[in-house]
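>
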Amino acid sequence: MPTSPYEFLDLVVIGAGPGGLAGAVTAADLGKRCVLLDGGHSTGGQYYRHPAPGLGAARPDRLHHGWSVYTGLAERLAEHERAGRVEFRGGHHVWALERTDEGFTVHATRGPDAGDRVAVRARAVLLATGAYERQLPFPGWTLPGVVTAGGAQAMLKSGLVLPGQRIVVAGSGPLLLAAASSLVTAGARVPAVVEATGYLAYARRPHVVAAVPAKLVEGAGHGTALLRHRVRPRLRSAVVEAHGTDRVTGVTVARLDADWRPKPGTERRIDCDAIAVGHGLLPQIDLATELGADTLAGPDGAVALAVDAGMRTSVPGLWSAGETNGVGGADLAIAEGELAAHDLAGAEPKRSLRRRRARLRAFADLMAAAHRPGPGWTGWLRPDTDVCRCEEVPVAKVREAVEELGAGDPRTVKLLTRAGMGWCQGRMCGPAVACLSAGSGSAASESGAGVGAAGPDRRPFGCPVPLSQLAAGEPDA
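Note that my numbering has the sequence shown beginning at 1, numbered continuously upward.
#1: Checking 8 angstroms against the spacing of the C-beta atoms, do Glu241 and Gly140 come in under that value?
#2: Out of Val212, Thr105, Gln284, point me to the one whose CA is closest to Ala362's CA.
#3: State buried or exposed for Gln469, treating a residue as buried only when at least 16 other CB atoms are found within 10 Å of its CB.
#4: Could you please give the first and the last residue of the uninterrupted beta strand (DSSP E) stretch that includes Val315?
#5: Within 10 angstroms of the Cβ of Glu267, are there 16 or more other Cβ atoms? Answer buried if so, exposed if not.
#6: Which residue spans inside the region 9 to 35 form an unbroken alpha helix (DSSP H) run of at least 4?
#7: Would you mind stating whether Asp294 and Ser320 have Cβ atoms separated by less than 8 angstroms?
#8: With C-beta atoms as the reference, is Leu37 less than 8 angstroms away from Val13?
#9: Given a cut-off of 8 angstroms on the beta-carbon distance, is the pair Val433 and Cys463 in contact?
#10: Alpha carbon to alpha carbon, how far is Val208 from Leu216? Give it in angstroms, no decimals.
#11: Please report the distance separating the alpha-carbon of Leu482 from that of Pro394.
#12: So, at 7 angstroms on beta carbons, what are the nonlocal neighbours of Gly19 in its own chain, with the 5 sequence-adjacent residues on each side left out?
#13: Based on Cα-Cα distance, which residue from His93, Ser68, Ala83 lies nearest to Ala16?
#14: Let me check understanding here. Comparing Cα to Cα, which of Tyr199, Thr249, Gly250 lies closest to Arg234?
#15: Reducing DSSP to helix, strand and coil, say where Pro202 ends up.
#16: Could you check whether Ala179 and Gln153 sit closer than 8 angstroms to each other, using their CB atoms as the reference points?
#17: Using alpha carbons as the reference points, say which of Pro460, Glu403, His371 lies closest to Arg134.
#18: Look up Val209 in the DSSP assignment and say whether it is helix, strand or coil.
#19: Can you round the beta-carbon distance between Gly278 and Leu143 to whole angstroms, since I take them to be within the 8 angstroms contact cut?
#20: Helix, strand or coil for Gly376? Go by DSSP, reduced to three states.
#21: In three-state terms, what does DSSP make of Ala258?
#22: Tell me whether Gln165 is buried or exposed, calling it buried when 16 or more other Cβ atoms sit within 10 Å of its Cβ.
#23: Are the Cβ atoms of Ala396 and Val413 separated by less than 8 angstroms?
#24: Considering Gly159, what are the terminal residues of the alpha helix (DSSP H) in which it resides?
#25: Rounding to the nearest angstrom, what Cα-Cα distance links Leu55 and Ala258 in this structure?
#26: At which residues does the beta strand (DSSP E) containing Ser172 begin and terminate?
#27: Just to confirm before moving on: does the CB-CB distance between Val168 and Val239 stay below 8 angstroms?
#28: Give me the Cβ distance between Gly66 and Ala345, rounded to the nearest whole Å; I'm assuming they're in contact under 8 angstroms.
#29: Among the candidates Gly374, Leu156, Tyr202, whose CA atom is the shortest distance from the CA of Ser181?
#30: Arg486: which of His50, Val35, Ala96 sits nearest, CA to CA?
#31: For Thr43, count the other beta carbons within 10 Å of its own beta carbon; 16 or more makes it buried, fewer makes it exposed. Which is it?
#32: Among Leu227, Glu218, Ala114, Ala108, which has the Cα closest to the Cα of Gly39?
#33: What does a CB cutoff of less than 8 angstroms around Glu102 pick up in its chain, not counting 5 residues either side in sequence?
#34: Considering just the uninterrupted stretch of the beta strand (DSSP E) at His107, what are its terminal residues?
#35: Work out the CA separation of Ala225 and Thr185 for me, nearest whole Å.
#36: Taking 8 angstroms as the threshold (C-beta atoms), are Ala210 and Ile270 in contact?
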């Protein structure tokens with residue numbers, strides 16, 4: 001479905017993960033013509049990331065939960081592509097949304113050359129850009145062999161490789177169990193799954209858990225895989241230091257109190273050659289916040305887009321589905337993608353779809369509250385621990401900016417220390433800088449504020465863009 005530079009589509013969907021795929025094919029079912037954009041060269045997003053064809057993976061389904069759901073969506077997309085109702089464009093990194101009188105111009109880059117700038121025009125946009133991992137630094141976290149929990153899964157799913165042979169999985173949240181289960185099934189040794197919280201919060205709201213039995217089955221599957229390989233989670237514990245010179249050789253694990261402060265005398269060393277660590281996910285919403293979209297803070301402090309029952313944001317013509325509305329997994333993203341497509345098409349969805357979304361969103365909120373980081377995590381930092389990896393800014397510099405130079409927010413800390421100015425634009429260090437910026441004695445610090453999605457400042461670019469493309473004339477679609 002090639003488009004001319006001045007042809008307006010009904011819809012541009014940004015993100016080809018579960019929510020974007022569901023939104024695109026449902027919109028096409030309802031008669032809308034749309035383009036589906038994604039930075040990856042295949043559909044599926046981070047959740048349904050799969051090996052490149054050249055690797056010859058015979059059973060990609062064994063690396064995923066719910067693979068048949070993805071294949072069903074992919075088949076529907078292929079049918080609509082053949083009919084000319086949808087066009088998937090991979091390798092398109094969207095860097096800005098521009099409001100126009102008619103709707104939106106979506107600006108993307110597909111390479112380093114001036115001619116690689118792309119603009120797509122449409123009456124409406126569905127944002128399904130997913131999330132990125134929340135990282136809390138610790139001494140040694142910059143050593144080779146330390147990867148994110150999602151990164152370890154990505155290496156396995158897309159490259160069929162492991163980050164090491166003896167891997168400690170650490171952090172907080174349900175992604176840990178999924179990552180550990182995948183790693184041991186693929187042949188890695190996992191000497192410990194180190195979870196900073198417990199699971200008691202789920203038991204306190206049994207009706208929410210019982211309303212989503214598929215989540216119980218999924219969790220039981222991960223737990224069974226770990227027990228089969230004799231892996232038992234260490235609850236209310238954290239990796240407080242990684243050891244090694246040229247590569248990780250081990251970690252120190254300590255018990256935590258209710259506020260995530262390490263308990264003296266509980267330290268224990270575990271030998272390993274890799275660490276997969278993550279503290280949940282943060283919604284990737286910068287394209288929408290640059291347009292002034294309203295946001296709200298979730299139970300774990302993460303900032304997400306505020307949407308109504310039809311997944312409309314506060315920006316006219318802009319809908320949102322999935323993790324951008326608060327992290328909740330693939331099933332919730334699919335439900336919200338379908339709801340958004342019905343709303344923008346002016347069609348009434350089935351009541352069962354709204355009920356399913358409500359149940360899944362309630363479980364997502366419970367999950368976020370159960371794994372909210374506590375304010376005491378800064379107790380495992382040392383003055384020389386790098387907070388911002390890109391610019392190599394240590395804890396001491398951030399605290400100096402706050403305590404001696406009067407910085408009281410992440411932006412001022414960034415101006416004084418360069419923390420957050422690097423390649424990742426604050427995605428890795430943002431939560432930690434925000435927490436440290438609150439000050440050790442402030443109410444914000446004591447309440448745990450800043451551990452969510454304080455995230456990068458509003459800026460006109462959602463990803464790096466070559467200067468040659470900015471200087472070039474109006475691009476073709």
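Glycine included, each C-beta is placed from N, C-alpha and C at the ideal position.
This is what the structure gives:
#1: yes
#2: Val212
#3: buried
#4: Val315 -> no beta strand (DSSP E), and no H or E assigned at all.
#5: exposed
#6: 18 to 29
#7: no
#8: yes
#9: no
#10: 11 angstroms
#11: Any question about residue 482 goes unanswered here, given that the chain covers just 1 to 477.
#12: Ala128, Ala321, Gly322, Ala333, Ile334, Glu336, Gly337
#13: His93
#14: Tyr199
#15: Before going on, a small fix: residue 202 reads as Tyr here, not Pro. It is helical.
#16: yes
#17: His371
#18: helix
#19: The Cβ separation is near 16 angstroms, so there is no contact.
#20: helix
#21: coil
#22: exposed
#23: no
#24: 149 to 159
#25: 46 angstroms
#26: 167 to 172
#27: yes
#28: Actually they are not in contact, since the Cβ atoms of Gly66 and Ala345 sit about 26 angstroms apart, beyond 8 angstroms.
#29: Leu156
#30: No statement about residue 486 is possible, as the shown extent of the chain runs from 1 to 477 and does not include it.
#31: buried
#32: Ala108
#33: Phe8, Arg121, Arg123
#34: 104 to 109
#35: 7 angstroms
#36: no
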